[in-house]
Amino acid sequence: MSHIRELTRHINHASHADMELITKAYHYAERAHEPQKRASGEPYFNHVFATAKYLAELNMSPTVIAAGLLHDVIEDTGATPEEIETIFGKEVLFLVQSVTKLGTVKYKGIERNVENLRKFFVSMAEDLRVIVIKLADRLHNVETLQYVKPEKQRRIALETLEIYAPLASRLGIGELKGRLEDAAFPFAYPKEHLETKNLLETRTDAHEKYLHEIDGKLKKVLKENHVNVERVDHRVKHLYSLWKKLKRHDMDIEKVYDIIALRVIVKNIEDCYSALGIVHSNWTPLPGRIKDYIATPKPNGYQSLHTTIFTGTGGIVEVQIRTTEMHEQAEYGIAAHFAYKEAHALGHAVASKKEFAWIDELRLAQAELTKSNAFLERLKTDYFKDRVFIFTPIGEIMDLPEDSSAVDFAFAIHSDIGMHASGAKINGKFMPLTTKLKTNDIVEIQTTKTAVPGSKWLDAAKTTNAKIKIQKYLKEHSLISKWLSFGKK
Ligand code: MN
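Under the working numbering, think of the first position of the sequence shown as 1455, with each following residue one higher.
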């Protein structure tokens, strides 16, 4: 049974019960979906099998893999919840039902889909495994998008780019994010996809040459200096993220330095820093491109050292250095936490970790903002945009949406600081509160008791939190002044 082997070979020490669960789910799903066909004409079972295979590749547990196989049986076949529970147990039933619930509302464009999105996040906070199954399901659906009616393709592709890929990214599942985006890209933006693909092809030969130059020497010098290297490999930038970067550089591919990145996976953190030193003593680094995400991880938990070096023959290559654990975190994110142990309500336990605190924050936000539009607005602006990372004078990191200003920073620290902010010191210089912040800025907010929000702040504010508070103040304030001037007449 080689197919079943594909689903179980990633499980550490698969027990007899694990094998039995997956084998049973495999045969049950195959039989249940028997007469059904996908739009491609293939048996429907191929879809649930692919979903389960992605989950297996993410090192998910046998329970989750079984739920992946069964994720469409309640919705699309005659299978009843009672039957699933009797054969596969309560937990598998819970996962299958949760995935089914998420899928019942059909996507009709992001604006009209708020209710569905909300269900999505509520269920996410309940159990993140449901989201991982949904993401794997979506990946196979976008990878087979060419068989779907053309009028549906773009809608599904955009939904993938706007909702699913950012979600995978925020959960730290970089591997899944990249695949979702690249599968959706040609259907969402066909012209841009082609342009990016052609641009990348013009550089392929040069990149292979540079890579070849560095690779051998790098392995040699690391070995000579006794760094515990687990392996050295490389990745080519995903096409969609290349396009996003190209847009910021007027489509000039010469300005994108991380198209190819060499990845050095080492044993421990000391090895990371030794390796960085060795790289810099053998190749000249590009100034300003050394990033220490080990000391200051990205909010989704990503850790690594990045540097960009001149190859010596005109090439520029990025080098990423990290430990095996950091690498797994980068590829599998939250899924990596599920890999080894799995408890009931694990979703909650993981969500309480600092890097996933935003999940709880989002859940609170959606309870608080009852109006659909407000919720959608918040989703789009606060959680799905690129982020900037700002430091407080004592080295704490604030994670804000791109284009945020010192006003947003003030409110992010505390409402009272926002309400009474009188000035900002950015990298040691006094600047207006409306100044836009950049990653790595160190910002200190000055307050005075008499200071109040100004009308210019509203334009400068990007976070919903700051906007709501400023608006509320201005509204009350203008009512009072209107009332006062009315009284004077
Ligand atoms: Mn499905």
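Ideal Cβ placement from N, Cα and C applies to all residues, glycine included.
For residue 1866, the enclosing alpha helix (DSSP H) has its first and last residue at 1860-1867. Residue 1763 is not a Cβ neighbour of residue 1723, given a cutoff of 8 Å. Here DSSP, grouped into helix, strand and coil, assigns residue 1627 to coil. Counted as a single uninterrupted DSSP element, the beta strand (DSSP E) harbouring residue 1898 occupies residues 1897-1901.
Distances from the CB of residue 1554 to the heavy atoms of the ligand MN are all 7 Å or more. For residue 1457, same chain residues with a beta-carbon under 8 Å away, outside a window of 5 residues either side, are 1480 and 1503 in chain order. In summary, residue 1872 is buried, with 16 or more beta-carbon neighbours lying within 10 Å of its beta-carbon over all protein chains present.
Counting along the chain, residue 1456 sits inside the alpha helix (DSSP H) bounded by residues 1456-1462. With contacts defined by Cβ atoms closer than 8 Å, residue 1693 and residue 1636 form a contacting pair. In this structure, residue 1614 has its beta carbon at no less than 7 Å from each heavy atom of the ligand MN. Contact between residue 1639 and residue 1608 fails: their C-beta atoms lie close to 11 Å from each other, not under 8 Å. For residue 1518, the secondary structure class from DSSP, reduced to helix, strand or coil, is helix.
At a threshold of 7 Å, residue 1505 counts as near the ligand MN, since its beta carbon sits closer than that to one of the ligand's heavy atoms. No Cβ-Cβ contact shorter than 8 Å links residue 1549 with residue 1527. Residue 1591 sits close to residue 1525, with the two beta carbons spaced by under 8 Å. Relative to the ligand MN, even the nearest heavy atom lies 7 Å or more away from the CB of residue 1704. The residue among 1761, 1717 and 1752 with its C-alpha nearest the C-alpha of residue 1735 is 1761. Taken in chain order, the complete alpha helix (DSSP H) segments of 4 residues or longer contained in the region 1609-1678 are 1619-1624, 1628-1642 and 1644-1678.
Per DSSP, residue 1597 is one residue of the alpha helix (DSSP H) stretching across 1582-1597. The three-state reading of DSSP puts residue 1874 in coil, since its state is none of H, G, I, E or B.
The C-beta of residue 1713 has 16 or more other C-beta atoms within 10 Å across all chains shown, which makes the residue buried.
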